[in-house]
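Remarks on the structure that follows.
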Amino acid sequence: MLLLQCIDIKKNFGINEVLKSVTLDLEEGERTGLVGKNGAGKTTLANIIAGNLKADEGEVRWHRKDVEIGYLRQSVFYTAELLHELCREQDVFNQAKEFLHLSSELGTEKVHQWADERFEALSGGERTKLALAHIWSAKPGLLILDEPTNHLDIQGVQWLIDELKGYPGTILVISHDRYFLDKTVNRILEIENGVIHEYKGSYTFYRNEKKKRYESRLHAYEVQKKQEEKLEQEIRRLKAWAGKAHRESTKKGAKSGNKMGTKEYFRVKAKKMDRQVKSAVKRLEKMRSEGAERPGEEPLISFEFSQKDAHGRRILEAYEIRKSFGEKVLFEESSFYLQRGERMGIYGPNGCGKTTLVRAVLGMEKVEGRLFVSPSIKIGYVSQDVLELKKEKRALDLFEVSGRKEQGRIRTMLANLGLNELLLHQPLKNLSMGERTKLKLANLLVSEYDMLILDEPTNHLDLYTREQLEDALQDYEGTILLVTHDRYMLEKICSKLLIFDERRIKRVEHGLEEYLKKQEHLNRAERAKGPQKTEKSLTPEEERMLLENRISAVLSRLSETEPGTPDYQALDEEFRELTAKRKSALL
Numbered sequence: 359m360l361l362l363q364c365i366d367i368k369k370n371f372g373i374n375e376v377l378k379s380v381t382l383d384l385e386e387g388e389r390t391g392l393v394g395k396n397g398a399g400k401t402t403l404a405n406i407i408a409g410n411l412k413a414d415e416g417e418v419r420w421h422r423k424d425v426e427i428g429y430l431r432q433s434v435f436y437t438a439e440l441l442h443e444l445c446r447e448q449d450v451f452n453q454a455k456e457f458l459h460l461s462s463e464l465g466t467e468k469v470h471q472w473a474d475e476r477f478e479a480l481s482g483g484e485r486t487k488l489a490l491a492h493i494w495s496a497k498p499g500l501l502i503l504d505e506p507t508n509h510l511d512i513q514g515v516q517w518l519i520d521e522l523k524g525y526p527g528t529i530l531v532i533s534h535d536r537y538f539l540d541k542t543v544n545r546i547l548e549i550e551n552g553v554i555h556e557y558k559g560s561y562t563f564y565r566n567e568k569k570k571r572y573e574s575r576l577h578a579y580e581v582q583k584k585q586e587e588k589l590e591q592e593i594r595r596l597k598a599w600a601g602k603a604h605r606e607s608t609k610k611g612a613k614s615g616n617k618m619g620t621k622e623y624f625r626v627k628a629k630k631m632d633r634q635v636k637s638a639v640k641r642l643e644k645m646r647s648e649g650a651e652r653p654g655e656e657p658l659i660s661f662e663f664s665q666k667d668a669h670g671r672r673i674l675e676a677y678e679i680r681k682s683f684g685e686k687v688l689f690e691e692s693s694f695y696l697q698r699g700e701r702m703g704i705y706g707p708n709g710c711g712k713t714t715l716v717r718a719v720l721g722m723e724k725v726e727g728r729l730f731v732s733p734s735i736k737i738g739y740v741s742q743d744v745l746e747l748k749k750e751k752r753a754l755d756l757f758e759v760s761g762r763k764e765q766g767r768i769r770t771m772l773a774n775l776g777l778n779e780l781l782l783h784q785p786l787k788n789l790s791m792g793e794r795t796k797l798k799l800a801n802l803l804v805s806e807y808d809m810l811i812l813d814e815p816t817n818h819l820d821l822y823t824r825e826q827l828e829d830a831l832q833d834y835e836g837t838i839l840l841v842t843h844d845r846y847m848l849e850k851i852c853s854k855l856l857i858f859d860e861r862r863i864k865r866v867e868h869g870l871e872e873y874l875k876k877q878e879h880l881n882r883a884e885r886a887k888g889p890q891k892t893e894k895s896l897t898p899e900e901e902r903m904l905l906e907n908r909i910s911a912v913l914s915r916l917s918e919t920e921p922g923t924p925d926y927q928a929l930d931e932e933f934r935e936l937t938a939k940r941k942s943a944l945l
């Protein structure tokens, strides 16, 4: 049964035509993923459906009255003040018990007892979790989720997947998380060039089917181009013959003394050739106007980070550092170091203090203990908060350029990032979150840095941009400090880790995959000891952490494995067993 229809929706922002003609249906109980490159209009369409934005043309036609809409916006929307207000609202409605239960399930416990300063210190993941709990407790009929996994840790993502499986209403998900989409939706709508393309299947099916469609359209286009070339050759040949026939008729007419009708008699053949030329030209024009067009290719994004010639090996040293907010201790008794050229990943669950540590390294937060950062290095930093950009500024205003040559270089760089000339003159408030993230990354490209600090740099970015960013970071020869829940990126870029474990930060001399394997090996060895374990036995918290690490490893491998294959089925079975163990451990 139909829930709603979008009929010929159009939306412009100034001269930027975002939605050209969007038509789609949503059935009751349907699970739909909405995808597309940054700036394609995904969030714009979601806001139009939710009633937060008015379309320039077209309509949203509801087939059921009084549908409750739960709209999870991107995490940056949820400021400390707004979340504080939402959490206090629960006492007014009869949702308080459900809200507290859900927020506890997601790892944000005793929210009703939090002091104001606790809300100020929320991580991106905690913001998303509280907003999810608030929306979920209202039991909406239509659930719109805009990048719901951007800041969630593995536990939060799996909770959301499990809850969506039993959710009775209709779901519309905007996401670039392949595994999440494969587990939650059975239909993909892609916004491309302002219109909708439908794919009935999972995200993996969509990617494979889109590739097949592209190859089919490209083949049809190439066949047509060959036909056009043959037709052009035929036209040139017919024109040559017609010209020759006209010249011969003139000569033969003159030879006969130009008697009346003689010239026209000899021009019959030439006129026949003229008609053939006109017919061939018409066929060519029709082929070009109505035939196959060359299919657009996926965007190629160009990143190229530059580094300075840094001196000295020592970049950062921490000795017995500690940080707390009120009674909540994020980390303590933590000592570690970072040397020039190292690629260090920061790994830990939501709320453990990863962003706080980054801010401390940048001098934006004070910590107890000794934290040394070399004063001779130049640091490039991208935060996870894109709302810090001033909304009234234009994209070009973010770059301090002097002279035409420099301005031309900036424009070329932004074009290589997929930001066209029209977008450069738009106020930032008209740009998507992904486009704003690209602008923040672009600021790193205009200068040379000894060290890049990236806090969730892939949030809001489409898959094409993520892949290009990873390639550029692999080529960068400077020092990298990376915070991300994207395990694929963490394994690909970082050869060493700073692990948040039991309120301590420890340095690990290998990447995430090897770390998780070692933790699993340790877990197996301890289990093999059985009842012989004494003072060296693992605590329940250590057991839980090792279990979570194994779940993380399996989940990461699942996201890279083709659904339906034997490997995928084996991993999926192992994943189910591990989550069952976790569930029984929590009871």
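Quick note: the sequence shown uses our numbering, first residue 359, plus one each step.
All C-beta atoms in this analysis are idealised placements derived from N, C-alpha and C, irrespective of residue type, glycine included.
Alpha-carbon to alpha-carbon, residue j and residue i
{"i": "arginine 680", "j": "serine 734", "result": "25 Å"}
{"i": "leucine 799", "j": "isoleucine 365", "result": "37 Å"}
{"i": "histidine 421", "j": "leucine 411", "result": "20 Å"}
{"i": "leucine 848", "j": "leucine 855", "result": "9 Å"}
{"i": "lysine 891", "j": "phenylalanine 730", "result": "A caution first: lysine 891 carries a pLDDT of 46, below 50, which makes its placement in the model unreliable, though a value can still be read off. Their backbone Cα atoms lie some 41 Å apart in a straight line."}
{"i": "alanine 413", "j": "lysine 787", "result": "17 Å"}
{"i": "isoleucine 530", "j": "lysine 570", "result": "Rather than isoleucine, the amino acid found at residue 530 in this sequence is leucine. Leucine 530 and lysine 570: Cα-Cα distance of roughly 25 Å."}
{"i": "proline 707", "j": "proline 653", "result": "42 Å"}
{"i": "glutamine 516", "j": "lysine 763", "result": "50 Å"}
{"i": "glycine 709", "j": "valine 687", "result": "11 Å"}
{"i": "arginine 594", "j": "glutamate 587", "result": "11 Å"}
{"i": "glutamine 765", "j": "alanine 578", "result": "41 Å"}
{"i": "asparagine 544", "j": "glycine 836", "result": "43 Å"}
{"i": "leucine 500", "j": "glutamate 643", "result": "48 Å"}
{"i": "valine 393", "j": "glutamate 505", "result": "10 Å"}
{"i": "aspartate 755", "j": "glutamate 814", "result": "24 Å"}
{"i": "alanine 398", "j": "histidine 818", "result": "12 Å"}
Reduced DSSP secondary structure (H/G/I, E/B, other) of residue i
{"i": "isoleucine 373", "result": "coil"}
{"i": "methionine 645", "result": "helix"}
{"i": "serine 682", "result": "strand"}
{"i": "arginine 571", "result": "helix"}
{"i": "valine 635", "result": "helix"}
{"i": "valine 515", "result": "helix"}
{"i": "arginine 698", "result": "coil"}
{"i": "arginine 431", "result": "coil"}
{"i": "leucine 539", "result": "helix"}
{"i": "arginine 728", "result": "strand"}
{"i": "lysine 455", "result": "Confidence is the limiting factor: at lysine 455 the pLDDT is only 47, short of 50, which leaves the residue's position unreliable, though a coordinate-based value still follows. In this structure, lysine 455 counts as helix in the three-state DSSP scheme."}
{"i": "proline 921", "result": "coil"}
{"i": "leucine 384", "result": "strand"}
{"i": "glutamate 606", "result": "helix"}
First and last residue of the uninterrupted beta strand (DSSP E) at residue i
{"i": "leucine 503", "result": "500-504"}
{"i": "threonine 823", "result": "From DSSP, threonine 823 is part of no beta strand (DSSP E) but of the alpha helix (DSSP H) over 821-833."}
{"i": "methionine 702", "result": "701-705"}
{"i": "arginine 419", "result": "415-420"}
{"i": "leucine 530", "result": "528-532"}
Residue i - containing alpha helix (DSSP H), residue span
{"i": "lysine 850", "result": "845-851"}
{"i": "valine 719", "result": "712-719"}
{"i": "methionine 771", "result": "762-774"}
{"i": "isoleucine 407", "result": "400-408"}
{"i": "leucine 840", "result": "Premise fails: leucine 840 lies in the beta strand (DSSP E), 837-841, not in any alpha helix (DSSP H)."}
{"i": "arginine 671", "result": "Here arginine 671 belongs to no alpha helix (DSSP H), and DSSP marks it neither H nor E."}
{"i": "threonine 507", "result": "It is not in any alpha helix (DSSP H) - threonine 507 carries neither H nor E in the DSSP assignment."}
{"i": "histidine 652", "result": "Checking the sequence, you will find arginine at residue 652 rather than histidine. From DSSP, arginine 652 is part of no alpha helix (DSSP H); its letter is neither H nor E."}
{"i": "glutamate 871", "result": "870-887"}
{"i": "alanine 800", "result": "791-803"}
{"i": "leucine 781", "result": "779-782"}
Bridge-paired residues (DSSP) for residue i
{"i": "valine 740", "result": "Leu812"}
{"i": "arginine 865", "result": "Leu856"}
{"i": "isoleucine 549", "result": "Ile554"}
{"i": "arginine 389", "result": "Ile529"}
{"i": "lysine 368", "result": "Glu415"}
{"i": "arginine 752", "result": "Pro785"}
{"i": "leucine 360", "result": "Glu385"}
Residue-chain proximity (residue i, chain D), Cβ-Cβ < 9 Å
{"i": "isoleucine 406", "result": "In summary, chain D is missing from the structure at hand, where a single protein chain is found."}
Inset, instruction - Count the CB pairs spanning the stretch 836-849 and the stretch 786-803 that are closer than 8 Å, and state whether there are at least three. - result: Because the criterion of three Cβ pairs below 8 Å is not met, the stretch 836-849 and the stretch 786-803 do not touch.
Inset, instruction - Decide if the stretch 400-414 is in contact with the stretch 373-384; the criterion is three or more beta carbon pairs, one per stretch, under 8 Å apart. - result: With a cut-off of 8 Å, the stretch 373-384 and the stretch 400-414 count as touching, because enough Cβ pairs lie within range.
Inset, instruction - Give a yes or no on contact between the stretch 519-537 and the stretch 548-556, applying the rule of three or more CB pairs nearer than 8 Å. - result: No: fewer than three Cβ pairs fall under 8 Å.
Inset, instruction - Determine, using beta-carbon pairs with one atom in the stretch 868-875 and one in the stretch 718-725, whether at least three such pairs fall under 8 Å. - result: No, because fewer than three Cβ pairs between the stretch 868-875 and the stretch 718-725 fall closer than 8 Å, the two stretches do not touch.
Inset, instruction - Please determine if the stretch 822-838 and the stretch 422-432 are in contact, where contact requires at least 3 C-beta pairs separated by less than 8 Å. - result: Of all C-beta pairs linking the stretch 822-838 to the stretch 422-432, fewer than three are shorter than 8 Å, placing the two stretches out of contact.
Legend entry - the stretch 855-868 contacting the stretch 799-808, beta-carbon criterion three pairs below 8 Å: By the Cβ test, the stretch 855-868 is not in contact with the stretch 799-808, since fewer than three Cβ pairs between them sit closer than 8 Å.
Legend entry - Cβ pair count under 8 Å reaching 3, the stretch 669-678 against the stretch 638-654: Segments in contact, no.
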